[in-house]
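Student: In this note's numbering, the protein residues as written are 394 to 555.
Take a look at the following structure, please.
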Amino acid sequence: MTVVNVLLVLGIVGTGLVSGVFFAFSGFVMQGLDRLPAADAARAMQEINVTAPRPPLMLALFGTGLALVALEVVAFMLAGGIEGTGWLMLAAAIVYLVGAIGVTAAANVPRNNRLAAVPERDETALAAAWHEFRPGWLAWNHVRWLASAAACVCLVVTLLVG
């Protein structure tokens, strides 16, 4: 198996895994939190946000980005340019880097930080913070989920066609 194929498989697994994490939040985690009183939902999300930026998720999120960049560099060097399915690999990398990593950094993390700043014992402030936090965070999470899934599809098509 060539280096390109190894990186392609790593990219498929990584984008699929990250898409699944984001899908879980879009599909049922946030709705489950909504079944709690708003202050409790905010507290639960604060705790999720403490545990999320650790090696399992960070390795998947950023390791996948690194694998996609490496894939582009190696594919470009070996092919001497982007042609054939190279455009699909490039699209996957751009969509993932912007839609998953970029959106996380620019939209979701700042919301997480604002939620984290709310004192955990202030019920009223927590409830208000949850109602402010949830709609925007979830909308941007949908973008992250769909971008990761789209990148995965591009890489799978590349593997099947190439």
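No residue lacks a Cβ here, since even glycine has one placed at the ideal position from N, Cα and C.
In this text the structure is predicted, and so the values were computed from the model without any measurement.
Between LEU452, TRP480, VAL549, ALA434, which has its C-alpha nearest LEU508's C-alpha?
Tutor: When only C-alpha atoms are compared, the closest one is ALA434.
Student: Closer than 8 angstroms by C-beta to ASN442: which residues in its own chain qualify, once you throw out the five before and the five after it? Chain order, please.
Tutor: So the qualifying residues of the chain are ASN505, LEU508, ALA509.
Student: Just the C-alpha distance for VAL462 and MET438, rounded to the nearest angstrom, thanks.
Tutor: Each residue's Cα considered, the two are about 31 angstroms apart.
Student: Measuring alpha carbon to alpha carbon, tell me which residue in PHE416, ARG447, HIS524 is nearest PRO430.
Tutor: Nearest C-alpha to PRO430: HIS524.
Student: Are the stretch 533 to 553 and the stretch 409 to 419 in contact at 8 angstroms, needing three or more beta carbon pairs?
Tutor: They touch, by the three-pair rule.
Student: Let me confirm a value: VAL466 is counted as buried when at least 16 other C-beta atoms fall within 10 Å, else exposed. Which label applies?
Tutor: So VAL466 counts as exposed.
Student: Quick one: what does DSSP say GLU516 is sitting in, helix, strand or coil?
Tutor: Here GLU516 sits in helix by DSSP.
Student: Please return the same chain residues whose Cβ sits closer than 7 angstroms to the Cβ of GLY354, not counting the five positions on each side in sequence.
Tutor: Since the first residue of the chain shown is 394 and the last is 555, residue 354 is not available in this structure.
Student: On the CB-based measure, 16 or more other CB atoms within 10 Å of its CB, does TRP480 come out buried or exposed?
Tutor: Burial call: exposed.
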